[in-house]
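Remarks on the structure that follows.
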Amino acid sequence: MDERTFGRSQQHASVVGLGTWQLGADWGDVDDKEALTVLEAAAESGVTFFDTADVYGDGRSEQTIATFLGSRPDLHVLVATKMGRRVDQIPENYVLDNFRAWNDRSRRNLGVDRIDLVQLHCPPTPVYSSDEVFDALDTLVEEERIAHYGVSVETCEEALTAIARPGVASVQIILNPFRMKPLIEVLPAAQEAGVGIIARVPLASGLLSGKYTKDTVFPENDHRTYNRHGESFDQGETFSGVDYATGVEAAAAFSALAPERYTPAQLALRWIVQQPGVTSVIPGARSPEQARANAAAAKLPELSDETLVAIRDLYEKRIKDQVENRW
Ligand SMILES: NC(=O)c1ccc[n+]([C@@H]2O[C@H](COP(=O)([O-])OP(=O)(O)OC[C@H]3O[C@@H](n4cnc5c(N)ncnc54)[C@H](OP(=O)(O)O)[C@@H]3O)[C@@H](O)[C@H]2O)c1
Numbered sequence: 016m017d018e019r020t021f022g023r024s025q026q027h028a029s030v031v032g033l034g035t036w037q038l039g040a041d042w043g044d045v046d047d048k049e050a051l052t053v054l055e056a057a058a059e060s061g062v063t064f065f066d067t068a069d070v071y072g073d074g075r076s077e078q079t080i081a082t083f084l085g086s087r088p089d090l091h092v093l094v095a096t097k098m099g100r101r102v103d104q105i106p107e108n109y110v111l112d113n114f115r116a117w118n119d120r121s122r123r124n125l126g127v128d129r130i131d132l133v134q135l136h137c138p139p140t141p142v143y144s145s146d147e148v149f150d151a152l153d154t155l156v157e158e159e160r161i162a163h164y165g166v167s168v169e170t171c172e173e174a175l176t177a178i179a180r181p182g183v184a185s186v187q188i189i190l191n192p193f194r195m196k197p198l199i200e201v202l203p204a205a206q207e208a209g210v211g212i213i214a215r216v217p218l219a220s221g222l223l224s225g226k227y228t229k230d231t232v233f234p235e236n237d238h239r240t241y242n243r244h245g246e247s248f249d250q251g252e253t254f255s256g257v258d259y260a261t262g263v264e265a266a267a268a269f270s271a272l273a274p275e276r277y278t279p280a281q282l283a284l285r286w287i288v289q290q291p292g293v294t295s296v297i298p299g300a301r302s303p304e305q306a307r308a309n310a311a312a313a314k315l316p317e318l319s320d321e322t323l324v325a326i327r328d329l330y331e332k333r334i335k336d337q338v339e340n341r342w
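Counting from 16, one number per residue, gives the positions in the sequence shown under this note's numbering.
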């Protein structure tokens with residue numbers, strides 16, 4: 016699979032990576048064996064970038080990655096984790112001592128001395144404007160605890176503030192056919208600065224696969240049940256912040272735009288890969304079949320201008336008003 020480079024850090028990632036929130040918790044049950052088969056399927060399909068976090072299953076996702084990579088020393092996978100959401104979400108918690116403790120735990124979970132890329136995990140907005148925070152991250156690099164750092168953001172404004180920090184190697188942001196605002200300023204600014212863009216929630220939590228109906232019931236331990244209105248964390252992380260009924264109808268229209276040979280999910284991934292400035296898109300997968308189908312999107316032909324215009328129209332008419340003024 017094609018790889019792209021994070022300009023500032025010169026690290027490489029497959030253009031389609033793998034999100035591993037699903038292998039931790041919050042998406043219904045996934046057993047440990049199944050989780051390993053997802054990682055295996057992704058790697059065998061050419062994926063060389065895994066995204067995880069210390070909070071996914073409280074370390075389970077990181078540990079599963081360590082188990083898998085420990086059994087496959089032949090593979091070279093860039094692993095990005097995140098830190099900061101196991102404590103109260105107040106700026107006072109974003110200090111060097113805490114960073115060191117969080118980093119120690121992630122290094123243990125991942126079984127490495129130095130983490131390839133660590134991302135602040137959607138911290139409170141003032142954190143992006145704190146010199147002390149970025150000095151502390153530089154210290155983690157100097158101490159060889161991490162090779163590089165980036166941020167995962169909720170809003171375009173946060174992304175732009177982070178890009179202006181010279182040490183930030185990557186910005187992770189929600190980008191998909193139901194979340195287009197980052198195309199306006201964030202992607203051009205990142206490209207100009209050499210900051211990598213990691214596109215998350217690319218399938219709008221699965222909506223863009225077109226497989227759900229208004230009557231679909233998600234498991235109780237799935238954020239698509241318990242965070243639909245932002246009850247547990249930012250509403251934008253569930254179905255990209257689109258109201259479910261609106262999303263199901265728009266997803267049906269989106270599915271009808273899929274060219275021959277593309278599934279709707281692959282159409283969404285291909286659309287993201289084609290946006291200038293994107294380094295890697297990280298769909299989450301709950302089965303090896305999903306992981307393989309998502310990786311295959313990297314090899315599909317470019318979308319035509321006609322399809323791109325139709326996707327844009329759909330967004331403008333049905334989705335934009337719900338999301339653009341919020342994130
Ligand atoms: N704050 C943050 O930093 C943050 C927040 C969210 C996500 N992330 C990262 O981004 C990754 C991706 O986002 P996400 O997992 O939230 O959402 P996503 O990738 O948009 O959606 C994942 C869901 O889409 C469905 N799916 C995946 N592949 C499919 C396929 N080929 N065909 C049909 N359905 C498919 C599955 O749903 P079913 O389970 O219904 O099959 C899967 O659980 C996460 O795993 C995580 O690594 C980071």
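Note that the Cβ used here is the ideal one computed from N, Cα and C, for glycine as well. These numbers were taken from a predicted model, which means no experiment stands behind them.
- Within the DSSP bridge table, the entry for H244 names no partner.
- Taking the Cα positions, E172 is about 31 Å away from L125.
- When the beta-carbon positions are compared, T35 and F64 stay at least 8 Å from each other.
- A check of alpha carbon separations from Q134 across R123, D153 and D128 identifies D153 as the nearest.
- Under DSSP, M98 takes part in a beta bridge, and its partners are L135.
- If you ignore the 5 residues before and after L90, its C-beta comes within less than 6 Å of the C-beta of A58, all in its own chain and listed in chain order.
- The C-beta distance from R129 to A81 rounds to 14 Å, too long to fall under 8 Å, and the pair is not in contact.
- Straight through space, the alpha carbons of L84 and Y71 are spaced by roughly 18 Å.
- Secondary structure at I297: coil, using DSSP grouped into helix, strand and coil.
- Taking N118 as the centre and dropping the five residues before and after it, the same chain places the C-beta of M98, I130, V133, L155, R160 and I161 closer than 8 Å to its C-beta, in chain order.
- Placement of the Cβ of T96 at a distance of 7 Å or more from every heavy atom of ligand 1 is found.
- With contacts defined by Cβ atoms closer than 8 Å, V210 and A184 form a contacting pair.
- About 4 Å separates the CB atoms of A283 and L223; that is less than 8 Å, so the two are in contact.
- If you keep only unbroken beta strand (DSSP E) runs of at least 3 residues inside the region 42-109, you get 64-66 and 93-98.
- Under the three-pair Cβ rule at 8 Å, the region 105-112 does not count as touching the region 35-55.
- Spatial neighbours of S60 in its own chain (CB-CB distance under 6 Å, excluding positions within 5 residues in sequence) are listed in chain order as R307 and A310.
- The beta-carbon distance between A205 and I199, rounded to whole angstroms, is 12 Å. This is too long to meet the 8 Å contact definition.
- According to DSSP, residue pairing for G211 in a beta bridge involves S185.
- With 16 or more neighbouring CB atoms inside 10 Å of its own CB, N191 falls in the buried class.
- Here W342 is not near G262, since their CB atoms are 8 Å or more apart.
- In the three-state DSSP reduction, G165 falls in the strand class (E or B).
- If only complete runs of 4 or more residues are kept, the region 246-284 shows the alpha helix (DSSP H) at 259-270, in order along the chain.
- Each of R333, P234 and S270 was checked against the Cα of D41, and the nearest Cα belongs to P234.
- Contact check for V288 and V31: beta-carbon distance about 7 Å, within the 8 Å limit, so the pair qualifies.
- Of all alpha-carbon atoms in I178, L175, Q104 and K314, the one lying nearest the alpha-carbon of D249 is that of Q104.
- Y259 and R243 do touch by the CB rule: their CB atoms are close to 6 Å apart, below 8 Å.
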